[in-house]
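Residue numbers (the numbering used here), protein chains in the order written: chain H, 1 to 241; chain D, 1001 to 1109. Just so it is clear, CB atoms sit at the ideal spot from N, CA and C, and this is done for glycine as well.
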């Protein structure tokens, strides 16, 4: 289906973003609950959720602060989790780079996993899409995602106070991270990177200032990239033969 | 509990700024410039390199049990992993993890 007028582009974007409501609502609620359990008040929880808008990094920061890690390590690790967004930014630039600076600044704020995936898919499927349609589509796909992220974080923060400790919400962070990561392990390099990360993090837990995690992540990243490079080379050689 | 509020605010503000700079980077400043292939190849693995390492010690030595391995938490983690890897569905994995955790805690009293 090709959309020819701005209104139908808007509705197409909105429709493409809506399935993510099912992911964002429970995840945001959980963040609100976990942040409250961690000792954040309503203002702190909501400021974090509105300014950062990146669930995995927010959970990472909370988890490391609960662990008394030094501030520098908290920031380094949480920002490392967000580094994937540099890839999103680079992938969106050829499509949206000609938009006015103020517009691009606003787009950057709303750049999240789900809408990035939806927007780039659409732009690649319809190469002739004019810039103003691309902009409309981008913001329309965000509408069902980011406002819900705020709203359900608030609901979670309000509910969090009412949840007694026997519900083991300490374990919400690990479960969330596992749930987020497991679907990403779609290739051998991803799987090996995750395995190295687990083993190295456990083996290096004695390293002071939570630096063990950073080292484990570096080792895991190198493993993933190197395995991918070798697999590609082998594929290339086979094709050449 | 996070009690050092000054530090918390510092983390919130710097994390917000840092995350925004990452998001703005190429779209805002660097235009259509392309990242070198080796860097892209490493960036592809950042998420799967950081998150499992962050979780592993929390699963093996949970703070809530004084750092002792806890069967219900370990099995809940495995259930969440299996569901996430199999169904590729985040919500199903979270749900399955909690059902396993509460189920086992109920059974073991």
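Fill in: Spatial distance of residue 1087 (chain D) from residue 1079 (chain D) (CA atoms)
As a first step, residue 1087 (chain D) is located in the second chain; it is residue number 87 there, counting from the start. As a first step, residue 1079 (chain D) is located in the second chain; it is residue number 79 there, counting from the start. Answer to the nearest angstrom: the Cα atoms are 12 Å apart.
Fill in: Amino acids of chain D, ordered along the chain, whose beta-carbon sits closer than 7 Å to that of residue 153 (chain H)
Stepping through the first chain from its first residue, residue 153 (chain H) is reached at position 153. Result: empty, since nearest Cβ-Cβ is about 13 Å, beyond 7 Å.
Worksheet item: So, does the CB of residue 163 (chain H) fall closer than 9 Å to a CB anywhere in chain D?
Response: On the first chain, position 163 is the one that residue 163 (chain H) refers to. No - not a single Cβ of chain D is within 9 Å of the one on residue 163 (chain H).
Worksheet item: Terminal residues of the continuous alpha helix (DSSP H) containing residue 320 (chain H)?
Response: The requested residue 320 (chain H) is not part of the displayed model; chain H covers only 1 to 241.
Fill in: The alpha helix (DSSP H) enclosing residue 138 (chain H), as first and last residue numbers
Sequence index remark: in the first chain, residue 138 (chain H) carries index 138 (1-based). Looking at the DSSP string, the run of the alpha helix (DSSP H) that includes residue 138 (chain H) is 131–142.
Discussion item. Output needed in chain order: residues of the segment 64–90 of chain H with a Cβ under 7 Å from some Cβ in chain D.
Written reply: 65, 66, 71, 74, 75, 77, 78, 79, 80, 81, 82, 83, 84, 85, 86, 87, 89 and 90
Worksheet item: On the premise that residue 107 (chain H) lies in contact with residue 138 (chain H), defined as a C-beta separation below 8 Å, what is that separation, rounded to the nearest angstrom?
Response: Walking along the first chain from the start, residue 138 (chain H) turns up at place 138. Walking along the first chain from the start, residue 107 (chain H) turns up at place 107. The pair is a contact, with the Cβ atoms about 6 Å apart (cut-off 8 Å).
Worksheet item: Less than 9 Å separating the beta-carbons of residue 1050 (chain D) and residue 217 (chain H)?
Response: Your numbering for residue 1050 (chain D) matches position 50 in the second chain. Your numbering for residue 217 (chain H) matches position 217 in the first chain. Yes.
Discussion item. Beta carbons nearer than 9 Å to chain H: which residues of the segment 1041–1061 of chain D have them?
Written reply: 1041, 1042, 1043, 1044, 1045, 1046, 1047, 1048, 1049, 1050, 1051, 1052, 1053, 1054, 1055, 1056, 1057, 1058, 1059, 1060 and 1061
Discussion item. Could you compute how far the alpha carbon of residue 1066 (chain D) sits from the alpha carbon of residue 144 (chain H)?
Written reply: Against the second chain, residue 1066 (chain D) aligns to sequence position 66. Against the first chain, residue 144 (chain H) aligns to sequence position 144. Approximately 41 Å between the Cα atoms of the pair.
Item to complete: Using a threshold of 9 Å, state whether the C-beta atoms of residue 104 (chain H) and residue 1030 (chain D) are closer than that.
Response: Position 104 of the first chain holds residue 104 (chain H). Position 30 of the second chain holds residue 1030 (chain D). Result no, Cβ atoms of residue 104 (chain H) and residue 1030 (chain D) do not sit closer than 9 Å.
Worksheet item: Can you find a CB in chain D that lies within less than 9 Å of the CB of residue 123 (chain H)?
Response: The residue labelled residue 123 (chain H) in the question sits at position 123 within the first chain. No, no contact with chain D.
Fill in: As assigned by DSSP and simplified to three states, the class of residue 1108 (chain D)
Position 108 of the second chain holds residue 1108 (chain D). Three-state DSSP puts residue 1108 (chain D) in coil, outside helix and strand.
Worksheet item: Does DSSP put residue 70 (chain H) in a helix, in a strand, or in coil?
Response: Here residue 70 (chain H) is taken as the residue at index 70 of the first chain, counted from 1. In the structure shown, residue 70 (chain H) sits in coil (DSSP, three-state: anything other than H, G, I, E or B).
Discussion item. I want to verify the contact list: residues of chain H whose CB lies under 8 Å from the CB of residue 1001 (chain D), in sequence order.
Written reply: Reading the second chain from its first residue, position 1 is the one you call residue 1001 (chain D). Per Cβ cutoff of 8 Å: 38, 39 and 66.
Worksheet entry | Candidates H:134, H:109, H:128 and H:130: closest to residue 119 (chain H) by CA position | As a position in the first chain, residue 119 (chain H) is number 119, starting the count at 1. Among H:134, H:109, H:128 and H:130, the Cα nearest to that of residue 119 (chain H) is on H:134.
Worksheet item: Where do the N-terminal and C-terminal ends of the alpha helix (DSSP H) with residue 151 (chain H) fall, by residue?
Response: Within the first chain, numbered from 1, the residue matching residue 151 (chain H) stands at position 151. Unbroken alpha helix (DSSP H) run through residue 151 (chain H): 146–160.
Practice prompt. For residue 1099 (chain D), return the contacting residues in chain H, with the cut-off set at a CB-CB distance below 9 Å.
Written response: If you number the second chain from 1, residue 1099 (chain D) lands on position 99. Result: empty, since nearest Cβ-Cβ is about 11 Å, beyond 9 Å.
Discussion item. Please classify residue 37 (chain H) as buried or exposed, where buried requires at least 16 other C-beta atoms within 10 Å of its C-beta.
Written reply: Residue numbering aside, residue 37 (chain H) sits at position 37 when the first chain is read from its first letter. When all chains shown are included, residue 37 (chain H) counts as buried.
Discussion item. Just to confirm my understanding: we take residue 50 (chain H), look at its own chain, exclude 5 residues before and 5 after, and list those with CB closer than 7 Å. What are they?
Written reply: As a position in the first chain, residue 50 (chain H) is number 50, starting the count at 1. Result list for residue 50 (chain H): 150, in chain order.
Worksheet item: Looking only at C-alpha atoms, which of H:233, H:47, H:209 and H:184 sits nearest to residue 113 (chain H)?
Response: Within the first chain, residue 113 (chain H) is the residue found at index 113, counting from 1. When each option's Cα is compared against that of residue 113 (chain H), the closest is H:184.
Worksheet item: By a C-beta neighbour count over all protein chains shown, 10 Å radius and 16 as the cutoff for buried, is residue 124 (chain H) buried or exposed?
Response: Looking up residue 124 (chain H) in the first chain gives position 124. With fewer than 16 other Cβ atoms within 10 Å, it is exposed.
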